[in-house]
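At position 265 of the sequence shown the residue is numbered 275 (the working numbering), and the sequence of numbers has no breaks. Here's the structure we're looking at; comments come further down.
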Amino acid sequence: MTILWEHYHTPKSIDETLELLTSYAGRARIIAGGTDLLVDMRATHEPAHEALVDITAIPELRTIRRDGDVFYIGAGVTHTQIVHSPELAAQATCLIESCGVVGGPQVRNVATLGGNVVHALPAGDGTVSLVALDAEAEVIHGGERRWLPIGELYRGPGLSLLDPTRDLLIQFRVRGTGSREATSFSRIMRPQGVALPILGCAVWVRLSEDRTHYESARACIAPTGPTPERTTVVEEALAGQPATAETIQAAIKIATEALHPRTSKYRATADYRKEMIGVLLGRTLTAAVERAQGG
Ligand SMILES: Cc1cc2nc3c(=O)[nH]c(=O)nc-3n(C[C@H](O)[C@H](O)[C@H](O)COP(=O)(O)OP(=O)(O)OC[C@H]3O[C@@H](n4cnc5c(N)ncnc54)[C@H](O)[C@@H]3O)c2cc1C
């Protein structure tokens with residue numbers, strides 16, 4: 011039997027975690043729910059880590075709290091915790107919708123939002139909504155504790171800015187939606203699929219005072235590149251335009267021409283994904299506008 015680690019630590023604080031990582035000098039790795047890490051360790055037969063450092067007993071990383079209109083979501087918060095938050099359901103609806111479709115209940119009960127982000131796949135469901143919510147992440151990177159825009163954490167497919175043998179993702183912050191604002195998430199998944207979707211889309215919209223026009227919008231359609239990014243062509247196509255079906259069709263046309271998803275032998279062809287851009291964008295924008303109009 012292959013031994014994947016020798017020691018397992020369960021620190022109770024951020025300081026204790028950092029002391030452990032420092033003492034192992036790159037030979038220990040952070041684990042949260044383990045739903046990505048353990049699969050990868052078994053599949054790739056990575057060299058054994060001397061130790062795993064489990065961050066799920068650190069209270070600060072396991073809580074969702076609110077300060078005014080800003081939500082702070084610990085990196086060790088599970089998808090199930092997010093789905094069961096009524097405040098997030100009302101004011102960060104797309105995050106509930108994306109975390110609610112990750113894996114099945116067993117996966118959601120242990121898998122964390124932080125793990126989804128550090129795993130760094132552009133189609134991670136939680137990731138797509140965090141990008142549309144314009145989230146920021148508090149990290150300890152290179153020994154320094156700071157807030158970064160979510161996009162800065164991604165370096166390529168499966169490649170995070172954070173080195174999980176030395177760095178720590180602490181929490182996210184997102185501003186909840188106010189009046190005239192709403193979000194929505196949807197994805198296309200193979201019926202037998204258990205991991206990543208064919209395509210995911212999250213949108214955030216703010217309507218004009220009379221709720222007839224888009225004042226501004228954010229969108230993230232992924233995977234359409236090596237990292238999850240804001241789909242700015244859609245945002246520009248919506249800003250200032252009437253909140254009508256015609257505007258959505260115009261945005262879909264622009265997005266379909268501008269985005270070039272690639273073929274994945276496990277998920278779908280590039281052509282199918284391109285076709286689905288319109289389906290998802292139409293679905294999410296329609297839902298977000300209805301919500302922002304109070305429907
Ligand atoms: C059956 C199955 C179905 C799945 N379905 C989906 C799906 O539908 N959609 C989807 O997006 N994903 C899916 N996944 C992938 C996975 O469940 C998610 O990405 C999950 O959010 C990962 O979280 P975790 O806590 O398990 O991460 P872990 O596996 O514990 O960690 C992942 C990576 O992040 C690092 N890490 C974790 N936390 C921190 C931290 N706080 N600071 C620094 N580094 C950290 C670890 O070292 C590791 O490199 C599925 C996985 C399985 C096994």
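Beta carbons: idealized from backbone N, C-alpha and C, even for Gly.
Using DSSP's beta-bridge definition, name the partner residues of residue i.
{"i": "Q307", "result": "Nothing about residue 307 can be reported from this structure: the residues present for the chain run from 11 to 305 only."}
{"i": "I41", "result": "D64"}
{"i": "I74", "result": "I83"}
{"i": "G166", "result": "L169"}
{"i": "H59", "result": "W15"}
Going straight from the alpha carbon of residue i to that of residue j, what length do you get?
{"i": "L290", "j": "G210", "result": "7 Å"}
{"i": "V138", "j": "R185", "result": "16 Å"}
{"i": "I92", "j": "A192", "result": "17 Å"}
{"i": "R301", "j": "S194", "result": "9 Å"}
{"i": "P271", "j": "S33", "result": "42 Å"}
{"i": "S196", "j": "G44", "result": "25 Å"}
{"i": "K275", "j": "T242", "result": "28 Å"}
{"i": "V49", "j": "V120", "result": "14 Å"}
{"i": "M199", "j": "V112", "result": "11 Å"}
{"i": "G136", "j": "V127", "result": "8 Å"}
{"i": "A145", "j": "S170", "result": "16 Å"}
{"i": "V215", "j": "S226", "result": "6 Å"}
{"i": "P115", "j": "T90", "result": "8 Å"}
{"i": "T20", "j": "A67", "result": "6 Å"}
{"i": "E256", "j": "Q303", "result": "17 Å"}
{"i": "K263", "j": "T296", "result": "16 Å"}
With a cut-off of 8 Å on the beta carbons, I'd call residue i and residue j a contact; round off their distance for me.
{"i": "A58", "j": "Y18", "result": "Contact flag wrong, Cβ pair sits at about 12 Å."}
{"i": "I65", "j": "G86", "result": "5 Å"}
{"i": "A229", "j": "A142", "result": "6 Å"}
{"i": "D222", "j": "P252", "result": "Looking at the sequence provided, one finds Thr at residue 222 rather than Asp. So it is a contact: roughly 6 Å between Cβ atoms."}
{"i": "Y164", "j": "P238", "result": "6 Å"}
{"i": "A232", "j": "P132", "result": "5 Å"}
{"i": "A298", "j": "V213", "result": "5 Å"}
Exercise. Does the count of Cβ pairs from the region 172-185 and the region 145-162 closer than 8 Å reach three?
Worked result: yes
Exercise. Taking contact to mean at least 3 C-beta pairs separated by less than 8 Å, is the region 36-56 in contact with the region 145-156?
Worked result: no
For this session: With a floor of 4 residues, list each alpha helix (DSSP H) that falls wholly inside the region 169-253, ordered by position along the chain.
Result: 242-248
Exercise. Hey, is the region 13-29 in contact with the region 168-175, meaning 3+ C-beta pairs nearer than 8 Å?
Worked result: no
Exercise. Which ranges does the beta strand (DSSP E) cover as unbroken runs of at least 3 residues, wholly within the region 86-159, from first to last along the chain?
Worked result: 146-151 and 154-159
Exercise. Three or more beta-carbon pairs under 8 Å between the region 246-253 and the region 276-288, yes or no?
Worked result: no
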